[in-house]
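Note sheet for the following structure.
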Amino acid sequence: MSDRFTTADVARQLDDCTFCPKMCRHACPVSTTTGRESLIPQAKMDLLNRLRRGTEAWQADAAEPLWACTGCRHCTVYCDHGNEPGLVLLAGRAAAQRAGAGHANLVGYGERFRARDQRLATQAKEHLADAPFAEGGDVGFWPGCDSLDKGAADVAAAQAVFVRMGLGAVPLVDAGLACAGYPLLAAGLVDEFRWHAGKVASALRRFRTVVMGCSACRYAVTALFQGEGVTVATEVVSVAEFLDDHAAALPPATRARAVYYHDPCYLARSAGVIDEPRRVLGQLAEVREFAWSGVDAECCGGGGLLPKTMPAVADAMARRRLAEIAATGGGTVATACGTCALMLRRNAPEGVEVRDLATLVAELTDTAFTPPADPGDEP
Amino acid sequence: MAPDLHAALAAVVGPDHVRPVAGQHAWLVAPGSPAEVADVIRASAAAGAAVVPVGAGFRAARVKSLGDRARVHVATERLDQVIQLDEASLLCHVQAGLTGAALEQVLAPRGLSLGDYPPSILGSTIGGLIGVRTPGKSSARHGFFEDAVAGVSAVLADGRTIHTRVAPRRSTGPDLARALSGSEGTLGFITAAVLRIHRRPEVRLLAAFVLPSVDAAIAAAFLALREECAPAGLRIVDAAEARRHFPETALADGEAVVVAATAGPTDLAACDRDLIASAALAEGGRPADVALAERWWKRRLGLEPIPGPAPTFQVSAGPRHLAAAYHAIRAAVPGARLHVSRFDLDGAVLFATLVDEAGAALTGPAAAAAHAAAEAAATAAGAWLLGARPTAMAPYLAALRAALDPHGIMNPGALIDPV
Amino acid sequence: MVDADRVRRELEAVVGARRVSVRPGDLDTYARDMWPRLLLARRDGAAPTTLPTAVVWPETAREVAAIVRVARTLGVPIVPYGGGSGVCGGVVPIFGGITVDTKRMTAIRGFRRDEQVCDVEAGLSGERFERELARRGYTFGNFPSSIYCSTVGGWLATRAAGQLSTKYGKVEDRVAGLTMVTGTGDIVDTDGPRRAQGGPDWTQLVLGSEGTLGIITSARLRLAPAPQLRVFRGFEVPDVAAGIEALRRVLQRGLRPAVVRLYDELDTFVNSFGSHHADPAAVHFGHTHAPAPLPGEGALPPLPPRPAPPPTGALARLAHLAQRSTRQLRGDAFTALLDRPRLVNSVVGTVAERIARKGCKLIIGLEGARLRTEVEAALTFAELERAGARDLGEDPGRAWLARRYAVSYKMSPVFRDGAFVDTMEVAASWSQLTDLYYAVRAAIGRYAVVMAHFSHAYADGCSIYFTFVAHAGDRAASERRYDAIWKAGLEAATRVGGTISHHHGVGLLRGPYMHGEHREAMAILEAVKRSLDPDDVMNPGKLGLASARRSR
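Residue numbers (this note's numbering), protein chains in the order written: chain P, 2 to 380; chain V, 40 to 458; chain G, 2 to 553.
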C-alpha cells in the first residue's frame with residue numbers, strides 16, 4: 002500500500018465500499034458506459050480489498066478494473082462515507098505496479114512519458130515561435146500537454162485574448178516540461194511522480210501566478226503535490242479562473258450565440274471551479290447546461306489514463322457525453338481543459354462543435370489570432 | 040354417458056339444481072357452494088364434458104356450439120353470499136354469483152360502496168366482472184375494476200380449489216389473481232373474490248357546461264385530469280346526442296355538453312369540480328343548468344330511464360386521437376349520436392349510437408353497414424376496438440391453458456380467436 | 002458438463018467478442034447481489050459457491066432473444082442482471098449459465114406527453130431515468146432508497162416500491178405494457194393501448210417474475226407531471242397503534258399523501274438524533290494526498306445527498322444508546338450487546354420511551370398539482386389532528402426529505418464492525434396490521450435488535466419495514482442466526498395473514514417460504530412458468546419454483 006494513506010483509513014474505505022449497496026454506481030462514467038458491473042466503484046474497491054487481504058492474487062488480469070477509473074470523483078458526490086475511490090484506486094495502481102501486475106498498455110510508461118514531455122516542450126518553441134517564453138516573472142501560461150500536442154491553436158487564441166484584455170503578452174512557462182505529472186501518478190508510478198513534481202515545482206516557483214490550460218495539471222499542482230511533500234507557493238489558476246478574475250476587461254461579444262459548457266472534472270469537483278467559466282461565457286453568450294453538469298458533470302473519458310488503458314471506452318464516454326447535444330439538434334460545446342477538448346473534439350458527432358474556452362472567447366469577440374501551422378494540429 | 044352425467048351432477052347439486060338444456064347436449068347446473076363447484080367440475084371432467092361458466096343473463100341459445108361435446112353450464116346464482124365484510128380494511132369477501140347491485144344493497148346501509156364505476160357493473164355478477172376483462176370498467180376515481188380485486192378463489196380443471204392470498208400489495212412473484220381475472224373461465228372457475236370497497240363519499244357535486252365544440256370539450260377534460268382531478272363521472276355529449284338526452288337544452292350544431300360528478304371529502308370534491316369548471320371555461324365553455332348533470336346522474340344510477348336506443352358501438356382512443364376518431368365516425372355515419380366517457384389519463388371511450396338522419400334506429404343490413412363504416416373510420420383515425428386479444432400471446436395462452444387444463448374442459452370455446 | 006468455450010463462442014456470434022466476458026473477475030462480480038447473507042461470506046473472504054459460465058451485454062431485444070435461443074439450444078440457464086442491488090439473491094446463478102446484463106439497453110423512446118407515457122429500456126439506472134424525466138417536466142414517481150443503484154428493469158422484475166408509493170403506487174401500478182423475451186426466445190408485447198385487450202393480464206403476470214419467465218427488455222410506463230408543490234410535515238402520535246389508526250383514517254378518506262412514514266418507538270428514538278449534520282465543514286477529506294477543497298477556498302456546493310460524518314449512523318447511535326443504558330451488562334461493546342438482543346430490545350425500548358417520552362414520529366408528505374395538493378394537504382393534516390396526532394411543523398418533514406436515501410449507507414459500518422443488518426418488509430390489511438407488527442417484532446427480537454417503521458399505506462392496508470441488527474461469532478454462526486431470523490420472521494408474518502414481502506422480492510431468500518405464502522395458488526405460477534418458459538431456461542430455482550436442474 003501506498004504510504005500516503007494510513008492503513009486504517011484505506012481499510013475503512015475499502016470495507017465501506019465492499020459492504021455498500023452500490024449507491025454511487027449511477028455516477029460512475031466508466032461503468033455506465035460499459036455496463037460492466039465489475040467496473041462500478043463498489044466492485045473496484047471490493048476487488049482492491051480482496052487484493053489487500055490476499056484473497057485475490059496480484060495479477061495483471063485480475064487487477065484490470067483498478068485501471069477503469071478516470072479519477073473524476075463523481076462517485077464521491079453520492080458517498081455518505083466520505084470515501085475517495087479514485088484516490089484509493091491510485092494507491093491500488095501503485096501497488097499493482099510494485100507487484101508486477103500493472104496494465105499491459107503501460108509497460109515502460111515512465112520512459113514514454115518523459116520522452117513525450119520533452120518532445121512537446123521542445124516542439125512548443127518551434128510551433129509557437131511567435132509566442133513569448135519566460136523562465137520566470139509575474140504571470141506565466143502553461144497550456145498542458147494535450148494543448149501543446151493537439152491544440153496549439155487554442156494556445157495562440159488564449160494568448161491573443163489575454164492581449165486583447167490588456168493583460169499583456171502572458172509568456173509561456175519555459176520549463177522544459179509540458180505536464181505537471183498527473184499521468185505518472187495515474188500510472189501508479191509514485192516515485193516518478195514525486196521526482197517530476199519536484200522539477201515542476203521549481204519551475205513554477207519562479208512565477209507569481211501560473212495560468213494552466215490543463216485541469217489535471219491544475220489539480221496535480223494544487224492538490225496532489227502536497228502529498229508528495231512538494232509545496233508550490235505560486236498562485237495556480239485555470240484559464241477559466243484567470244479570465245473570470247479579469248472579466249471586466251473582456252471585450253464585448255460581436256454575435257449572439259448559445260453554447261453548452263462541459264465541466265472538466267478536475268475543475269468542477271476537485272477545485273470547485275464551476276461558476277467562473279459560466280460567468281465568463283455568460284458575458285458573451287447564452288450558456289446552456291448539460292443534463293449532468295457542475296458538480297454532477299459527467300466525465301468525458303480523458304482522465305486516469307483511461308485513453309491509454311481502455312481507449313475504446315474512453316472514446317465511448319466522450320461520445321456519450323456529446324450524444325445528448327446531438328440528440329437535441331447539435332450546437333457548440335465549450336470546455337476549459339486541453340484534455341477534455343481533445344477527447345470531445347475527436348469524438349464529436351455531426352452537428353456538435355467543440356471549442357476550448359479561450360478559443361471560443363476569441364471567436365465571440367472577434368479577437369484575431371494566428372493558428373500556428375502545426376502538422377499535429379487538428380482542425 | 041349422458042344420463043350418467045346428469046345423475047352425477049344431480050348427485051352433487053341435488054336434482055332441483057340441474058336441468059338439461061332443451062335441444063342441446065347440455066345441462067344447466069347451479070351449485071350451492073364452492074365445494075359443489077369442485078365436484079361439478081370433477082364430474083364433468085370424468086365425463087369429458089365442457090364446463091362453461093354462466094353469470095347473469097344466461098341464454099342457452101347464444102352459446103357457441105361445441106359440436107357433439109357435452110356441456111355443463113355452471114351458474115353462480117346460488118353463490119350469492121357476502122362471506123366477510125372487513126370494514127377496517129375496506130375489503131369485502133363475496134361469492135362470485137352476487138351482482139353488483141345486490142352487493143351495493145349490503146354495503147349501502149353501512150355507508151360503504153363498491154365505488155364510482157360505470158353503471159354496467161351493477162347488473163353483472165362479481166364473477167362475470169372479474170372473468171371478463173374490458174377497458175370499459177374503469178373509473179377516473181378508482182382505476183380499472185380488476186384493480187379492485189384483492190384476491191380470488193377458483194376451482195381448477197382438476198377440481199383443486201385455490202385462493203390467491205390477500206395483501207394490499209406484495210412482491211412475491213406475479214399477481215396470480217390477474218391470471219384468472221380476464222380468463223373467462225378458461226383457467227379456473229371463479230367462486231369468490233375479495234374486493235376493495237370504499238366509504239360512501241361525504242358529498243357528491245354535479246356540474247354541467249356547454250363547450251363550443253367536442254374538440255374543446257375533450258381538451259377541457261384532459262386539462263382537468265392532468266391537474267389530478269379525479270371525477271366520479273365525466274361525460275361529453277355531442278349536440279346530436281344532447282338533443283335526444285337533454286331536449287330542453289338549446290345547442291348549436293357542433294357544440295357539446297360536459298356533465299361531471301365529483302365526490303369525496305367536501306373540499307376535495309369542490310376542488311375537483313372547480314378544476315373541471317375552470318378547464319371548461321378556459322376552453323371557451325359556459326356553465327349550463329346543473330339539472331342536466333342531475334338528470335344524467337339519476338339515469339346513471341338507474342333511477343330514471345335512459346332515452347334509447349342504446350349505444351351500438353364503442354371504441355377507445357388516446358387523448359391525441361379522440362377528437363379525430365369522433366369526427367371520423369360522424370363523417371362515416373352523419374346521423375350518429377355520440378358521447379365520450381370512461382376517462383383516464385391515457386384516453387377515453389367513444390360511444391356511438393348509429394341512427395339515420397331522421398333519428399330512427401338503423402336495422403338490418405343498413406345497421407351492419409353503418410357499424411362497419413364507423414368502425415373502419417374510427418380505427419383509421421387511431422382508435423382501438425375493445426376486447427381484441429394480443430395475437431402474440433395466443434400460443435402462451437394456449438400453453439397456459441394446456442398446463443392447467445390438459446383435457447381442455449374449461450370453457451373450451453372461449454378466448455380462441457377465429458383463425 | 003457445460004462446454005464453457007462453446008457458450009462463449011455462440012454468444013460472441015450474437016453480440017461480438019467485446020460484449021461477452023468469461024473473465025474470472027466478471028464472473029465473480031456477477032455471481033452475487035447485495036443479499037446480506039452473501040456479504041457474510043464476502044466478509045469472510047469466501048468466493049461465490051457458483052459462478053455464471055459467461056456474462057453478456059446485449060443492446061437490443063433481438064440480441065436478448067438470440068441469447069435466450071442459444072441458452073435453450075445448449076441447455077444452459079439464463080440469469081438476467083440489472084443493477085445487482087437486490088437484497089434476496091435473485092441474480093445468484095445457482096445452476097451456472099449465462100448472466101445477461103441489461104445495462105447497455107438504456108434508451109428512453111416514445112415519450113408521449115398527451116398520454117403521459119414513455120417507453121424505457123430495462124437497463125436504465127433509476128436515478129438517470131428520473132433525472133431525464135425531470136428535465137422534461139415529468140416523474141415516474143418511483144423513488145426507492147436504492148434509486149442510485151437499481152435499474153428500471155429490476156424494479157419491474159421485483160415489483161419495487163418507492164418512498165412516494167402511497168401517491169404514485171408501486172411500479173406494477175404504473176405499467177401500461179411490457180416488451181419481453183420469453184423463455185422460448187420470442188419477443189412479445191404484453192399489453193396494448195389502454196389495456197384494450199381481453200384475456201389474462203400478461204403484464205401483471207410478468208411483473209414480479211424476477212426473470213423466471215423471461216427478460217423484460219423495455220416497458221411502457223405511466224408518468225405524472227413533475228410536482229408543482231411539495232408539502233412535508235412531521236407529526237407525533239402517542240404510540241404505534243394510534244399512528245396506525247391515524248394513517249388508516251387518512252387513506253380511507255380517499256386522501257393520497259405521497260409519503261407516509263410512521264416510526265415505532267425505537268425507530269423514532271434512533272432517528273431523532275439524525276438532526277441532519279448538514280454542516281459542510283463536517284465534510285473532511287482526510288488524506289494528505291487528497292486535499293479536496295475546504296470551505297472557504299472554492300468549497301463544493303452542498304451536494305445531494307449531503308455528506309455525513311461517516312461512522313455515526315443511526316445504528317451506531319443505537320449501539321451507543323444500548324451501551325449507555327445497560328451498564329449492568331458485562332462488556333460494553335456493541336457486538337456484545339447484540340449477542341443479547343432480547344434484553345437490548347426490552348431495555349432499549351424502555352429507555353427510548355423514557356428518554357423520548359414523545360411516542361412515535363410520523364412523516365407525511367404531499368406533492369402534485371398545486372391546487373389539489375393544497376386541498377389534500379389541509380384535509381390530511383386536519384384528519385391526523387382529529388386522530389390525535391400532534392403537529393411538529395415542517396422541519397421533520399424537510400429533514401427526512403433531505404436525507405431520504407441515507408439508510409442505504411448504514412449497512413457498511415455494521416458489517417465492518419462484525420455484526421450484520423438487514424431489513425424485512427412485510428404487509429397486511431389494516432385489520433391484521435397490529436398483529437403483524439407484534440408477531441414479527443417478537444419473532445425477530447429473539448435474535449436481533451429490531452426496529453420498524455410503517456410506510457407504503459393503502460386504503461386496505463400498509464407495509465411494515467423492520468430493520469434488525471444482530472451479531473454472532475463466526476461466519477457459520479452468523480449465517481445460522483441470519484437464517485433463523487428470517488425463518489422466524491416470515492413464518493410469523495404468514496401465520497397472522499400478512500404477506501412475506503411488500504417490495505424486495507423473493508430471490509433465493511424467500512423461495513422456501515413461497516408455498517406458505519401462496520399455497521395451492523402456486524399451481525398457477527407453475528403453469529405460467531410452463532407456458533412462458535417450458536424448458537426452465539429462465540433463472541431456474543428462483544421464486545420458490547422447483548427446478549430439475551442439478552446444482553453445479
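In this text, a Cβ means the ideal position worked out from N, Cα and C, and glycines have one as well.
Report back the beta-carbon spacing between residue i and residue j to the nearest angstrom; my notes put them in contact at under 8 Å.
{"i": "P:Pro350", "j": "P:Arg320", "result": "7 Å"}
{"i": "G:Ala428", "j": "V:Pro213", "result": "No, G:Ala428 and V:Pro213 are not in contact; Cβ-Cβ is about 17 Å, not under 8 Å."}
{"i": "G:Val260", "j": "V:Leu307", "result": "Not a contact, Cβ separation roughly 19 Å."}
{"i": "P:Lys23", "j": "P:Pro86", "result": "Incorrect: roughly 12 Å between the Cβ atoms, too far for contact."}
What does residue i touch in chain P if you count any residue whose Cβ is under 7 Å from its own?
{"i": "G:Thr30", "result": "Glu38, Ser39 and Ala44"}
Which residues in chain G sit within 8 Å of residue i, going by Cβ to Cβ distance?
{"i": "P:Leu48", "result": "Gly26"}
{"i": "P:Pro22", "result": "Met35, Ser86, Val88, Ser147, Cys150, Ser409 and Met412"}
{"i": "P:Ala63", "result": "Pro25 and Gly26"}
{"i": "P:Pro66", "result": "Gly26"}
Applying the criterion that 16 or more other CB atoms from any shown protein chain within 10 Å of the CB defines a buried residue, is residue i buried or exposed?
{"i": "P:Asp47", "result": "buried"}
{"i": "V:Ile122", "result": "exposed"}
{"i": "G:Gly394", "result": "exposed"}
{"i": "G:His516", "result": "exposed"}
{"i": "V:Ala332", "result": "buried"}
{"i": "P:Thr7", "result": "exposed"}
{"i": "V:Thr305", "result": "exposed"}
{"i": "P:Thr255", "result": "exposed"}
{"i": "G:Gly314", "result": "Note that G:Gly314 has pLDDT 47, beneath the 50 cutoff, so the model's placement of it is unreliable and no number is given."}
Report the neighbours of residue i on chain P: residues whose CB is nearer than 8 Å to its CB, in chain order.
{"i": "G:Glu128", "result": "His27"}
{"i": "G:Trp156", "result": "Within chain P, no residue comes near G:Trp156; the closest Cβ sits about 14 Å away, beyond 8 Å."}
{"i": "G:Arg417", "result": "Arg13, Asp16, Asp17 and Phe20"}
Does chain G have any CB closer than 8 Å to the CB of residue i?
{"i": "P:Thr19", "result": "yes"}
{"i": "P:Ala315", "result": "no"}
{"i": "V:Val91", "result": "no"}
Would you mind telling me which residues of chain V sit closer than 9 Å to residue i, beta carbon to beta carbon, in chain order?
{"i": "G:Arg254", "result": "Arg238, Glu241, Gly303, Pro304 and Leu307"}
{"i": "G:Arg373", "result": "Glu266, Glu267, Cys268, Ala269, Leu307, Cys310, Asp311 and Leu314"}
Check the Cβ of residue i against every Cβ in chain V and list those closer than 7 Å, keeping chain order.
{"i": "G:Lys171", "result": "Arg208"}
{"i": "G:Gln205", "result": "Pro213, Asp214 and Arg217"}
Chain G partners of residue i, CB-CB under 9 Å?
{"i": "V:Ala431", "result": "Asp187, Ile188, Val189, Asp190 and Thr191"}
{"i": "P:Thr368", "result": "Going along chain G, no residue has its Cβ under 9 Å from P:Thr368, so there is no contact; the nearest lies around 28 Å."}
Comparing the C-beta of residue i with each C-beta of chain V, is any distance below 8 Å?
{"i": "G:Val507", "result": "yes"}
{"i": "G:Val422", "result": "no"}
{"i": "G:Pro81", "result": "no"}
Along chain V, in chain order, which residues have C-beta atoms closer than 8 Å to that of residue i?
{"i": "G:Val118", "result": "Asp385"}
{"i": "G:Gly138", "result": "Under the 8 Å cutoff, chain V gives no residues; its nearest Cβ is about 11 Å from G:Gly138."}
{"i": "G:Asp534", "result": "Result: empty, since nearest Cβ-Cβ is about 10 Å, beyond 8 Å."}
Please confirm whether residue i has its beta-carbon closer than 8 Å to some beta-carbon of chain P.
{"i": "G:Trp401", "result": "no"}
{"i": "G:Glu492", "result": "no"}
Could you work out which residues of chain P lie near residue i, taking near to mean beta carbons separated by less than 9 Å?
{"i": "G:Glu133", "result": "Ala292"}
{"i": "G:Asp102", "result": "Gly36, Arg37 and Glu38"}
- Task: Kindly provide the ranges of any alpha helix (DSSP H) runs that are 4 or more residues long and lie completely inside the region 49-128 of chain P, ordered along the chain.
- Result: 86-99 and 110-128
- Message: At 4 residues or longer, what runs of the alpha helix (DSSP H) sit wholly inside the region 373-436 of chain V?
- Response: 403-419
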